[in-house]
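Heads up, the thing below is written out as structure tokens.
Following this line, the structure appears as structure tokens:
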């Protein structure tokens, strides 16, 4: 079988067949996807102010005599209703009757307390051997402040 490649057989085709893939649409689609990801990537970062004092977690059973450590808005620390110095916090907890390192300590902090101050008190308790600490929050709908309720 012989095939003639010249145009002498009388056929006058205006369009020649091409056997190449047109990559222009693929490039356009890739550029659109690139732009979408460039716009969406900064939106996926957590850069929003957070209000933590309310929680919708299931309330747990309170112990008979809970030990509360509170941080007031003026950054004073109190055990129960008795104000203590920060350096004496662990010593005062150790001196309390019925207080063991296995009992839970309920840590309450005012909304105005900076996060670093809360972490300082947590670190003091941890270095003192109190590892069972629960953070106390208001029960409510997330995103709503107590003033709005």
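Numbering (our numbering), first residue to last: 90 to 238. Note that beta-carbon positions come from the ideal geometry of N, C-alpha and C, so glycine has one too.
Give a yes or no on whether the C-beta atoms belonging to residue i and residue j are separated by under 9 Å.
i: residue 157; j: residue 194; result: yes
i: residue 168; j: residue 185; result: yes
Taking 8 Å as the limit between beta carbons, can you name the residues of its chain near residue i, skipping five residues before and five after?
i: residue 178; result: 158, 166, 168, 210, 213, 214 and 217
i: residue 105; result: none
i: residue 118; result: none
i: residue 77; result: Nothing can be reported for residue 77: it is not among the residues displayed for the chain, which extend from 90 to 238.
i: residue 113; result: none
For residue i, tell me which candidate among the options has the shortest Cα-Cα distance.
i: residue 175; options: 208, 201 and 188; result: 208
i: residue 35; options: 197, 131 and 112; result: A query on residue 35 cannot be resolved here, the shown segment of the chain reaching from 90 to 238 and no further.
i: residue 188; options: 154, 170, 164 and 163; result: 154
i: residue 192; options: 204, 220 and 180; result: 220
Apart from the five residues just before and just after residue i, which ones in its own chain have a Cβ nearer than 7 Å to its Cβ?
i: residue 164; result: 202 and 206
i: residue 199; result: 160, 161 and 162
i: residue 171; result: none
Would you say residue i faces chain D, with C-beta separation under 9 Å as the test?
i: residue 125; result: Checking the listed chains, one finds no chain D in this structure; it contains a single protein chain.
Within the same chain, show all residues whose beta-carbon is closer than 6 Å to that of residue i, passing over the 5 residues directly before and after it, in chain order.
i: residue 223; result: 193 and 195
i: residue 130; result: none
For this session: Could I get the ranges of all uninterrupted alpha helix (DSSP H) runs contained in the stretch 161-222, with 4 residues as the minimum, in chain order?
Result: List check, alpha helix (DSSP H) in window: 178-184 and 204-216.
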